[in-house]
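Reading through the structure tokens given below for one structure.
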Amino acid sequence: MAIVKMKKLRVIALASDRDALLRQLLRLGCVEISQPDSLLADPQWSALLRRDTGGLTEVRTEMADVNTALEAVKRYGGLKDGLFLQRHPISEKEFLGSGTVDNARAAAGKINGLLRTLTRLQNEEGRMSAQRAGLAPWSGLDVPLERQGTEHVLFRLGVVPGGADVGMIRNELAAADAAAELLEVSADKQQHYLFLLCHRADEEKAMEVLRPRGFSAVTFPEVSGTAAENLRRLDRELEANRKHQADTEAAITGCAGSRDALRLYADRLTAEAAQEENAGRLMTDGTIVFFEGWCPAERLDKVEKLLEEKGCAWEAADPTEEEIPDVPVQLKNNWLTRPLNMVTEMYSLPRYDNVDPNPLMAPFFILFYGIMMADMGYGLLMFLAGLLITRKYRPKGTMGHMFSLMTLCGVSTFIMGALTGGFFGDFLTQIVKLTTGGDFALPALFTPLNDTLMILVGAMALGLVQIVTGMAISFIRKIRAGRYLDALFEEATWWVVFAGIGCMALGVTNLVLYAGIALIFAGPLITGKGFGKIMGIFGSLYNHVTGYFGDILSYARLMALMLAGSVIAQVFNTLGAIPGNVVIFVIISMAGNALNFALNLLGCYVHDLRLQCLEYFGKFYEDGGKPFRPLAINTKYVDIQNN
56 MAIVKMKKLR
66 VIALASDRDA
76 LLRQLLRLGC
86 VEISQPDSLL
96 ADPQWSALLR
106 RDTGGLTEVR
116 TEMADVNTAL
126 EAVKRYGGLK
136 DGLFLQRHPI
146 SEKEFLGSGT
156 VDNARAAAGK
166 INGLLRTLTR
176 LQNEEGRMSA
186 QRAGLAPWSG
196 LDVPLERQGT
206 EHVLFRLGVV
216 PGGADVGMIR
226 NELAAADAAA
236 ELLEVSADKQ
246 QHYLFLLCHR
256 ADEEKAMEVL
266 RPRGFSAVTF
276 PEVSGTAAEN
286 LRRLDRELEA
296 NRKHQADTEA
306 AITGCAGSRD
316 ALRLYADRLT
326 AEAAQEENAG
336 RLMTDGTIVF
346 FEGWCPAERL
356 DKVEKLLEEK
366 GCAWEAADPT
376 EEEIPDVPVQ
386 LKNNWLTRPL
396 NMVTEMYSLP
406 RYDNVDPNPL
416 MAPFFILFYG
426 IMMADMGYGL
436 LMFLAGLLIT
446 RKYRPKGTMG
456 HMFSLMTLCG
466 VSTFIMGALT
476 GGFFGDFLTQ
486 IVKLTTGGDF
496 ALPALFTPLN
506 DTLMILVGAM
516 ALGLVQIVTG
526 MAISFIRKIR
536 AGRYLDALFE
546 EATWWVVFAG
556 IGCMALGVTN
566 LVLYAGIALI
576 FAGPLITGKG
586 FGKIMGIFGS
596 LYNHVTGYFG
606 DILSYARLMA
616 LMLAGSVIAQ
626 VFNTLGAIPG
636 NVVIFVIISM
646 AGNALNFALN
656 LLGCYVHDLR
666 LQCLEYFGKF
676 YEDGGKPFRP
686 LAINTKYVDI
696 QNN
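Written as structure tokens, this is what we have:
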């Protein structure tokens, strides 16, 4: 497996063929059209050509309408997607045809019209409910609300805070010699609702008494009749409004059968949006269009055929050294290495001139995960869950990689569980003991509790193998780049040192180690300058000795997680066996193992990821690659099958 070789495309086509050319490129799905920023920055190009404009805004608006309709159907139709979307197979001809578009557009228009009606009704309900709440405290007042008084008497509605003493206010009005009467219509914890009758000549006297008490006038503009009459009218209108809302919701529910058509149209609009977005990257003078882009070399023949059919002028060339940082990266993978895209993309894609890390990482990642989880029961669950979800729902992208990786790691976990004799910890041992009273144990090559030191040594040995593998990759890359001294003193020197330590430990000879030490001193003396030769010796010793020692020691986490998972499972099994009841044992054991499984499922992934990204990638990996994002049909709800 390797990084896909890319070709730089430059294409000139007739402006009249723009849409047809983009549609065909969309179907091919193998050309990434570059942003024309560099051309726009060139005065000669910018004077000749201008950036093309497309209908991206209109397409996105229509996408928003369709998505709104889908959400409405889901909400009011009682439809549920479940944990995973069930993709429906469809031919490319049916997907790109116009037959389903008209129906879906009509359905979206109808549903969105019903939604607008429903929103209006809900707003009206809120307004009427608020008006009703304002009128309710005045229901006992048998005076039309629009009445402001008589020729000599003034009517005022108002409120005072709930803590005010209405009787004291009346006494103060009397003491002020104001011809006024204060009636309490109703009261609640917050306010007293009052009706003031006052001679018009004494209005100012009455207000001088009421203002300090927090009196606030209340009016009901555009309302006539008593509060009770208006409340009865509002109740009738609210009932009619809610019935209309229910009918509208039922009408939206009746559109649930259009969901598949709307989903298909949503995917279709996503493809059209991608086409319009790429149309905005074209340069044009009104007669011709020009664009630059990238295409995998292995698919260039199909693009060449299309460009020839359209009568385009074009060229394809290998990227220059200056263009390397801008070349998009696509990894060529098989069934084993493809799930590792999840790890690589999470970390960072490699530079175009680097190596594909997936085949170099896959054996280690899958093996290390199995070592840390190491339980047949957990492995079986992972394998079945990953396989069933992948087969039934066919998830794409990161989600698809995750379940494929879970399937592979489940196999590794089951194998390591068989070697350590673990099946949900010691579940079988405990249940046999509870049911028959006999002793039973699965055969095991080694166990985490009894062979901890051996597992620790084995884990660090595996770590040394991975680190040396990373060094070997770096060594080969440096040799190919002509950096022979760097390869000799950075990698080969320390291989000699490692081999020398092994020979000395086995009592074979010390000469190999002496040769390695000599190379350590020779490296800085040969490649360094001036005083840096001496300092380089100490720097090299310190950095490499501590670095390699720390890296190898990090692999002790393989043993630690294996031991932790095994112990936790056995603890829960032991707790469940204490009452001596099989049913209680199964309940406690399954609950504890479910918790242990969930924790380890994530914990093992995080620690495995750390070993790959820090200890392993640090030896050879150069990140910073830009993902290859061609103009292509990317669907969410359907699977497009070849005609």
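Position one of the sequence shown corresponds to residue 56 (the numbering used here), numbered consecutively onward.
Note that the Cβ used here is the ideal one computed from N, Cα and C, for glycine as well.
Under the 10 Å beta carbon count, W349 is surrounded by 16 or more other beta carbons and is classified as buried. The beta-carbon distance between L395 and M416, rounded to whole angstroms, is 6 Å. This is short enough to meet the 8 Å contact definition. Just measuring C-alpha positions, the residue of F553, G571, N565 and V567 sitting nearest Y603 is F553. A residue is called buried when at least 16 other Cβ atoms come within 10 angstroms of its Cβ; L508 does not meet this threshold and is exposed. H143 has V693 as its beta-bridge partners, per DSSP.
In the DSSP assignment, C350 falls outside any alpha helix (DSSP H) and within the unbroken beta strand (DSSP E) covering I343 to P351.
For the pair of segments examined, the segment 217 to 224 was found not to touch the segment 311 to 319: the number of CB pairs separated by less than 8 Å stays below three. Sorting A328, N636, L511 and D606 by C-alpha distance to the C-alpha of T491 places N636 at the top. The closest CA to that of M526, considering only G213, A499 and G673, is found on G673. As the crow flies, the alpha-carbon of N655 is around 7 Å from that of G620.
About 20 Å separates the beta carbons of T468 and A516, which is beyond the 8 Å limit, so they are not a contact pair. If you draw a straight line from the Cα of P412 to the Cα of M397, it comes to about 12 Å.
Here the segment 274 to 294 does not lie against the segment 123 to 141, with fewer than 3 beta-carbon pairs under 8 Å apart.
For F478, the CB contacts under 8 Å within the same chain, skipping 5 residues up- and downstream, are D430, M431, G432, G472 and L497 in chain order.
No Cβ-Cβ contact shorter than 8 Å links E677 with R354.
With 16 or more other Cβ atoms inside 10 Å of its own Cβ, V66 counts as buried.
By the Cβ neighbour-count rule, H143 is exposed, with fewer than 16 other Cβ atoms within 10 Å of its own.
Annotation for E236: the continuous beta strand (DSSP E) segment containing it runs A235 to A242. Taking C-beta separations shorter than 8 Å and ignoring five residues to either side along the sequence, the partners of A570 in its chain run V551 and G555, following chain order. An exposed status is given to E364, since fewer than 16 other beta-carbon atoms sit within 10 Å of its beta-carbon. At least 8 Å separates the beta-carbon of F683 from that of I486.
Here S271 really is in contact with G213; their C-beta atoms are around 6 Å apart, less than 8 Å. Less than 8 Å divides the Cβ of I145 from the Cβ of I695. One Cα belongs to L574, the other to Q521, and the distance between them is close to 23 Å. Shortest Cα-Cα distance from C668 to any of L81, L404, A514 and K244 involves L404. Contact between L173 and Q330 is ruled out by a C-beta separation of about 34 Å, above the 8 Å threshold. Around the C-beta of F482, 16 or more other C-beta atoms lie within 10 Å, and the residue is accordingly described as buried.
In the displayed model, V59 falls within coil according to three-state DSSP, outside both helix and strand. Across the structure, A231 and L190 are spaced so that their CA atoms are roughly 31 Å apart. Boundaries of the alpha helix (DSSP H) harbouring F627: A611 to A632, taken from the DSSP string. If the five residues before and after M617 are omitted, its C-beta is found closer than 7 Å to the C-beta atoms of I426, M427, A429, P503 and I510, all from its own chain and listed in chain order.
A buried status is given to S313, since no fewer than 16 other beta-carbon atoms sit within 10 Å of its beta-carbon. In the three-state reduction of the DSSP assignment, K135 falls in the coil class. In the three-state reduction of the DSSP assignment, H247 falls in the strand class. For M338 and A371, the gap between their C-alpha atoms comes out near 18 Å. Here D678 carries a strand assignment [DSSP, helix/strand/coil].
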